[in-house]
Each structure stands twice: as C-alpha cells, then as structure tokens.
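A short write-up of the structure that comes next.
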Amino acid sequence: MIKPMRLLAVMLVFSGLGQMGLAQSDMGETPALRPVISEFVSTDPVVKRQYSGVIRGQDVTALAFQTSGRLATLNVAAGDRVTKGQVLATLDQITLAQDVAVAEAAVSGVQAQAEFAQTQYERVSALVARNVATTAQLEAARANRDATAAKLESVRADLAQTTEAARYGSLVAPRDGIVLSTSVDPGTLVSPGVSVMEIADPLGREAIIDVPASVAAIMPEGAGFVVRHRSGGVAPVMARLSVIEPVADTSLETRRLRLMLIAPPEDYRIGTLITAAYNRGAAPAMTLPISAIAGTQDSPGVWRVTPDRMVTFVPVTLGAIVGDRVVISAGLSENDEIVVRGVHALEDGQKVGERLE
Numbered sequence: 003m004i005k006p007m008r009l010l011a012v013m014l015v016f017s018g019l020g021q022m023g024l025a026q027s028d029m030g031e032t033p034a035l036r037p038v039i040s041e042f043v044s045t046d047p048v049v050k051r052q053y054s055g056v057i058r059g060q061d062v063t064a065l066a067f068q069t070s071g072r073l074a075t076l077n078v079a080a081g082d083r084v085t086k087g088q089v090l091a092t093l094d095q096i097t098l099a100q101d102v103a104v105a106e107a108a109v110s111g112v113q114a115q116a117e118f119a120q121t122q123y124e125r126v127s128a129l130v131a132r133n134v135a136t137t138a139q140l141e142a143a144r145a146n147r148d149a150t151a152a153k154l155e156s157v158r159a160d161l162a163q164t165t166e167a168a169r170y171g172s173l174v175a176p177r178d179g180i181v182l183s184t185s186v187d188p189g190t191l192v193s194p195g196v197s198v199m200e201i202a203d204p205l206g207r208e209a210i211i212d213v214p215a216s217v218a219a220i221m222p223e224g225a226g227f228v229v230r231h232r233s234g235g236v237a238p239v240m241a242r243l244s245v246i247e248p249v250a251d252t253s254l255e256t257r258r259l260r261l262m263l264i265a266p267p268e269d270y271r272i273g274t275l276i277t278a279a280y281n282r283g284a285a286p287a288m289t290l291p292i293s294a295i296a297g298t299q300d301s302p303g304v305w306r307v308t309p310d311r312m313v314t315f316v317p318v319t320l321g322a323i324v325g326d327r328v329v330i331s332a333g334l335s336e337n338d339e340i341v342v343r344g345v346h347a348l349e350d351g352q353k354v355g356e357r358l359e
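For the sequence shown, position 53 matches number 55 in our numbering, and the numbering has no gaps at all.
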C-alpha cells in the first residue's frame, strides 16, 4: 500500500514530465527562421565618378598632297580657323618645275630615237624589196621601231603625270573648319596620300573620355552624361554615349568613350578640357553578385525580401557579366533587399531572419 506522501510525489513527477513534453511539442511546431545574407540594390558606385576628357571635332578630315615633293610653306597651325579654298600649305614649285623640265627633255630624246628607228625600218624594208638586205635585218629594224615607240608612250605618260603633279603643289581647305594638328614641317619631303594635317568641323563636337573597362562593360546603350567645363562659370551640358571604342588600352585597362554633346555653347571649343559624370537619372546601372541569381537560364530571377522578412521570387532581365557580378537590366528598383547567398534553398513566402552583413 502506497503512503499518501509517496503518492503525491509520484503524481508531481508525472505531472512535470507531461508539462515538459508539452513544451517540447510546442517548440517543435515553431519553424526556425532561415538566416540570410542579402544586399541592397543600388546603382553601381563606379559609375558615379567623374572622368576627365577633352572636346574634339566630330567630323575630322586628314588632308594630304596628291603628289610628292618638299614642303615649302605651312601657312596654318593647330587651333587656326580656315575657310573653304584657303591655301594651307605648298610644295617647292622650283622642284616641281624641274621635274616637268626633265620629263619634257626625256620625251624629246625618246621621240628623236623613235623617228630614227622608223626611218631605219623604212630603209631596211626598201633594201629587202631589192634583195639587198636580209629578212633578219628587217625583223631587227622592226623590233627597234616598236621598242622605241613603246618607250615614247611611257615618257609621254611621265610628262603628263609630272605636269598634273605641278598643278597639285598647293594644299587647299576643302571646307570651313579648324586645324586640329599638323604633322610635318617646312623642308620635309612628303609623299602622296600621307597626312599633312587634320581639320575638323567647328560645329560638330564630341567629348572623349577614358573609363575603366569594367565601367564600359555595364554602360547601357545611349547612356546619358553630364559634361562640365574645367573653367568656372560655364554651365554644364548634357551628352549621350555614341560609341565605345572597340580596342581597349591593355596597359591601363581602360576603354575610350565618345559622347555626343547636346546643343553645346561656344565655350565648349575643340581642345577644351572637361569632366564627365554618368547621369544616374538617365538609365541607372544595377549589379548583383552572380550567386544571387536563381531560376533557370531562360527565366532568371532573384529572391527579394519584403519588409516583414518574407522572400518572394522576382523575374529579372540580365545584362553583361562584369567579374563576379551581373548587370540587372530590368525587374528591380533601387534599395530593394535581395538575397545573395543560399538562394536555391528558399521557397516563395518563406520567413527569413535578419540580414547578416
């Protein structure tokens, strides 16, 4: 027979065990919050920098002589404005005249030889008809006549070429413009087609800047820029990306960008030093780690964290890959919180823990 005190102790033990089992059951029903590592979306910080550059002519023309000769005069320098038809440089006219004289003398000499060869041929032909000369002599006379006639045609062509060259002894401006640079000095022997100077349309201007290759890779087509004059008091102008040069500078790991200026004032002259900054309002460039991308190759997406710490799958459009990051072209907004680690173990609507830095 169990005594009353011992019975009370046994009841208390079973009661305590029951409460412990109930507490453990309740704890088992509470799901654990998954810790996540996330990142807030923002425009890529590297595109917020300012890049130094220069204003250059958009329509640049290289000018060259059409004949060879020694440069006698150079009438312009870099920065000069020129008008259509203006004489920019001349070749040594004395040398050109001497070339014509030499060519004319060559024509006279060969013409005399050709006339003599023709006379010889006619004389040998008459002798052959009277059986005084042989057929071999006649063939030699004919060959000499034909050779001198061909040589006469050649020297006449040389004379025509030198005469034409003498007319191209002056280099004239094909249109109004501004001289960007000159590449020769008076006294230099120039060849046909070799650039002597470059001129540009003073109205067609563009900004040239060099940016890191990683920035060029995420730059959207037609990206907007704000271009500022180095001198104070000059209003900035808007510009739009027109060309990314296909060849990179491997030593500096940069790419050259050409920006089309939108209605630039006269202050932005060719050769002016400027700074250009990416216009975030035009088309923000957002990037995320590649590890944040979930879904399939055809339907990529990311896990966005809501304010109540739940994740939802958001389809995105991917752009260029830059290192270990990828450009997000569409689907997200700035300041969205995106899970960047463990994305393949999440489910839509799942509760996550606080963000771990």
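Note that CB positions come from ideal geometry on N, CA and C, so glycine has one too.
In this text the structure is predicted, and so the values were computed from the model without any measurement.
Count the other CB atoms, across all protein chains shown, that sit within 10 Å of the CB of residue i; report buried if there are 16 or more and exposed otherwise.
i      : result
Phe227 : buried
Ala225 : buried
Ser193 : exposed
Pro37  : exposed
Ala91  : buried
Thr274 : buried
Gln26  : Because Gln26 sits at a pLDDT of 43, beneath the cut-off of 50, its placement in the model cannot be relied upon, and the following sentence gives the value as read from the coordinates. Looking at its Cβ environment, which holds fewer than 16 other Cβ atoms inside 10 Å, Gln26 is exposed.
Leu154 : buried
Leu259 : buried
Ala347 : exposed
Val249 : exposed
Report the three-state DSSP secondary structure of residue i (helix, strand or coil).
i      : result
Gln115 : helix
Arg232 : coil
Leu334 : coil
Leu348 : coil
Gly179 : strand
Gln120 : helix
Ile264 : coil
Gly106 : Note that residue 106 is Glu in the sequence shown, not Gly. Helix, per DSSP.
Thr256 : strand
Met29  : Low confidence applies to Met29: its pLDDT is 48, below 50, so where it sits in the model is not reliable, and the reading given next is rough at best. Helix at Met29.
Ala79  : coil
Asp212 : strand
Val342 : coil
Ile201 : strand
Ala11  : Confidence in Ala11 is poor, its pLDDT being 36 and thus under 50, which makes the residue's placement unreliable; the coordinate value appears in the next sentence. It is helical.
Ile220 : helix
Leu24  : With a pLDDT of 41 at Leu24, under the threshold of 50, the modelled position of that residue is not reliable, and no figure is offered here.
Glu247 : coil
Ala284 : Summary for Ala284: the model assigns pLDDT 49, below 50, so the residue's position carries little reliability, and this model does not support an answer.
Ser301 : coil
Ser40  : strand
Gln163 : helix
Gln139 : helix
Closest to residue i by C-alpha separation, out of the options, would be which residue?
i      : options                           : result
Ala128 : Glu117, Ala114, Ala143 and Gln115 : Ala143
Pro222 : Ser244, Asp326, Thr150 and Gly71  : Ser244
Val56  : His231, Gln352, Glu255 and Ser40  : His231
Ala151 : Leu173, Val109, Asp300 and Arg306 : Val109
Val196 : Ile210, Leu173, Arg207 and Ser216 : Leu173
Ile272 : Thr256, Met199 and Leu182         : Leu182
Gln88  : Ala278, Ser293 and Arg177         : Arg177
Gly355 : Ser335, Val313 and Leu334         : Val313
Leu93  : Ala79, Val84 and Ser70            : Ser70
Arg306 : Asp338, Arg327, Val328 and Gly297 : Asp338
Thr85  : Ile220, Arg257 and Asp203         : Asp203
Tyr123 : Asp148, Arg257, Ala278 and Val62  : Asp148
Ala209 : Pro238, Thr190, Ala162 and Ile220 : Pro238
Thinking C-beta only, is residue j closer than 7 Å to residue i?
i      : j      : result
Leu290 : Ile246 : no
Leu73  : Pro188 : yes
Ala218 : Glu255 : no
Ile323 : Val43  : no
Ala114 : Asn146 : no
Val236 : Ala66  : no
Arg207 : Pro266 : yes
Tyr170 : Gln68  : yes
Asp160 : Ala103 : no
Val342 : Ile39  : yes
Gly297 : Val316 : no
Ile201 : Gly234 : no
Quick check: is the beta carbon of residue i nearer than 7 Å to any beta carbon in chain B?
i      : result
Val196 : You won't find chain B in this structure, because it holds only one protein chain.
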